[in-house]
Ligand SMILES: Cc1cc2nc3c(=O)[nH]c(=O)nc-3n(C[C@H](O)[C@H](O)[C@H](O)COP(=O)(O)OP(=O)(O)OC[C@H]3O[C@@H](n4cnc5c(N)ncnc54)[C@H](O)[C@@H]3O)c2cc1C
């Protein structure tokens, strides 16, 4: 076992030990009230683990939708591997098994001095500590000619799952034979680093079966992305993608890269080759990039993003649109007693992923209990694994453990061990990667909501 995993396991076992001793509540007399806003990955995990660590504590989770649509795995709806209904997660178990008080309502503001949250339907909820996990806001208007209305009816994004995801699935099915599917990747930082490359890969696989003369083009305002080498090897093997020299130069000699004649189904235009999106003509379905115009039959745009709207409304964001915090506890540097986790927060080397939101939620649940008891929060470790598919049977991943650099208030990766699927991975390891991805989806949802 490498040292980083060992450190992490030590930290996790400390968490587990305290969580199995409910009679040791720190708050026997007057249990404090922790309020959580946002019942997505971060919020649900925080609610569950607060109750696991100390069942005596009062935990209220406020979520605007009665059911959660999980974003992770939602690209598989686009290609018809699963249905929208497969994304639905309920709050039943958090309520019945863990005793979390669930309020379905929208938070529209808060009073930091009185430590109260204001709900749309009129009531106010008081807290001793507040955890906020509002996810992201998609900045459609940052691409000239694009807007929320256009995304809802013509050129979907679907990066927050919902009606746009279904619209995209319908458009893919209706794409003419030999048509062009255009994927617009976002600038960093963004939700789910391998996601804008996994989705077009799954679409290319779908096209091989249903629309074999179609083209899938990815335009990108970046020149690299996390998992790029391993993802591109998958594209090379499955979709006739010729890997740029930059990515083959560092491959071990034993790794075979196929040389394809002409263009395959899938191509990628990075920033250096004019991939940066500039302007959309939604009526003509033409995207102008730094390199010229591209006409497509179906366009899927992942626009730039920032912390979910509520974060700005609560005064929790900085000039870049994300939520600054004390990394050890994720307590906001702008409002005391408020902790921001998940995609909305600034977390340095940690990616904006469900896995990150989940591991942050656990460390913050622990920290909040300690702080409420007037004790020092422990120094946490965090982890992340992002699985991604280059095809439904071609899995890859990036896996990391993170530690706190306390003097610099920064989260950094532990060690330099390889983070990716081995470049020399055998076909069996690659197939297993896809099996692990599916198993992770189940186990992860259970860990957050079940
Ligand atoms: C296509 C795709 C694939 C992905 N795949 C992976 C993957 O394989 N692995 C991985 O780890 N991650 C993956 N992710 C990323 C992952 O889904 C997110 O990182 C994760 O959901 C972030 O959790 P969160 O709690 O920050 O936000 P969310 O899960 O978005 O939760 C935010 C919640 O807050 C609620 N909310 C917002 N404002 C209010 C308000 N004012 N009042 C009440 N409630 C409010 C929202 O309704 C929502 O339920 C993927 C994402 C996408 C789009």
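Numbering (the working numbering), first residue to last: 26 to 475. All residues carry an ideal CB built from backbone N, CA and C; glycine is no exception.
With H, G and I counted as helix, E and B as strand and the rest as coil, what does DSSP make of residue i?
i, result
"residue 473", "helix"
"residue 463", "helix"
"residue 102", "helix"
"residue 146", "coil"
"residue 437", "strand"
"residue 503", "As displayed, the chain neither begins before 26 nor continues past 475, which places residue 503 out of reach and without an answer."
"residue 78", "helix"
"residue 270", "helix"
"residue 338", "helix"
"residue 407", "strand"
"residue 347", "coil"
"residue 163", "strand"
"residue 65", "coil"
"residue 390", "helix"
"residue 73", "helix"
"residue 383", "helix"
"residue 136", "strand"
"residue 185", "coil"
"residue 240", "strand"
"residue 395", "helix"
"residue 154", "strand"
Quick one: measure Cβ to Cβ for residue i and residue j, integer angstroms, because I've assumed they're closer than 8 Å.
i, j, result
"residue 93", "residue 134", "Actually they are not in contact, since the Cβ atoms of residue 93 and residue 134 sit about 23 Å apart, beyond 8 Å."
"residue 319", "residue 207", "6 Å"
"residue 157", "residue 363", "6 Å"
"residue 247", "residue 295", "7 Å"
"residue 118", "residue 474", "6 Å"
"residue 170", "residue 307", "6 Å"
"residue 385", "residue 372", "7 Å"
"residue 387", "residue 85", "So it is not a contact: roughly 19 Å between Cβ atoms."
"residue 327", "residue 215", "7 Å"
Which two residues bound the contiguous alpha helix (DSSP H) that contains residue i?
i, result
"residue 264", "253-264"
For the beta strand (DSSP E) that residue i lies in, which residues bound it at each end?
i, result
"residue 323", "323-326"
"residue 302", "302-306"
"residue 126", "126-129"
"residue 220", "Note, residue 220: premise wrong, no beta strand (DSSP E); alpha helix (DSSP H) at 220-235."
"residue 123", "No beta strand (DSSP E) holds residue 123; DSSP gives it neither H nor E."
"residue 178", "Looking at the DSSP string, residue 178 is not in any beta strand (DSSP E); the run it does join, the alpha helix (DSSP H), is 173-178."
"residue 83", "83-88"
"residue 291", "291-294"
"residue 168", "Premise fails: residue 168 is in no beta strand (DSSP E) and is neither H nor E."
"residue 309", "Looking at the DSSP string, residue 309 is not in any beta strand (DSSP E), and its letter there is neither H nor E."
"residue 332", "330-332"
"residue 424", "419-430"
Let me check understanding here. Comparing Cα to Cα, which of the options lies closest to residue i?
i, options, result
"residue 160", "146, 175 and 95", "95"
"residue 301", "275, 440 and 329", "329"
"residue 113", "446, 288, 130 and 187", "187"
"residue 289", "424, 233 and 379", "233"
"residue 443", "198, 238, 466 and 254", "254"
"residue 243", "454, 108 and 325", "325"
"residue 465", "411, 74, 90 and 307", "411"
"residue 395", "82, 70, 62 and 69", "82"
"residue 162", "471, 392, 348 and 372", "348"
"residue 332", "430, 406 and 365", "365"
"residue 209", "359, 106 and 305", "305"
"residue 236", "322, 354 and 221", "322"
"residue 448", "388, 310, 275 and 309", "275"
"residue 277", "245, 371, 107 and 450", "450"
"residue 106", "373, 200, 312 and 228", "228"
"residue 299", "313, 409 and 343", "313"
Grab me the residues of residue i's own chain with a C-beta within less than 6 Å of its C-beta, minus the 5 sequence neighbours each way, in chain order.
i, result
"residue 480", "This structure cannot settle anything about residue 480, because the visible part of the chain is limited to 26 through 475."
"residue 339", "135"
"residue 58", "83, 152 and 153"
"residue 89", "131"
"residue 123", "73 and 76"
"residue 267", "285"
"residue 46", "With a pLDDT of 42 at residue 46, under the threshold of 50, the predicted position of this residue should be treated as unreliable, though the coordinate-derived value follows. Hits under 6 Å: none found."
"residue 175", "307"
"residue 231", "104"
Mind checking whether the beta-carbon of residue i lies closer than 7 Å to any heavy atom of ligand 2?
i, result
"residue 368", "Of the ligands one can find in the structure shown, namely ligand 1, none is ligand 2."
Residues in the same chain with beta-carbon distance under 8 Å from residue i, minus the five sequence neighbours each way, listed in chain order, please.
i, result
"residue 144", "87, 128, 130, 131, 132, 133 and 150"
"residue 48", "Note on residue 48: pLDDT 49, under 50, position unreliable in the model; the coordinate value appears next. For residue 48, where only same-chain residues beyond five positions count, there are no Cβ hits under 8 Å."
"residue 223", "100, 256, 413, 414 and 415"
"residue 218", "250, 251, 252, 376, 377, 378, 411 and 423"
"residue 155", "59, 60, 61, 62, 135, 140, 142, 362, 363 and 364"
"residue 282", "258, 261, 268, 273 and 276"
"residue 238", "202 and 203"
What residues in its chain sit with their C-beta under 7 Å from that of residue i, if we drop five residues either side in the sequence?
i, result
"residue 415", "226, 256, 259, 260, 263 and 421"
Let me see if you follow: with CB-CB separation under 8 Å, is residue i close to chain C or not?
i, result
"residue 475", "Of the chains in the structure shown, none is chain C; there is only one protein chain."
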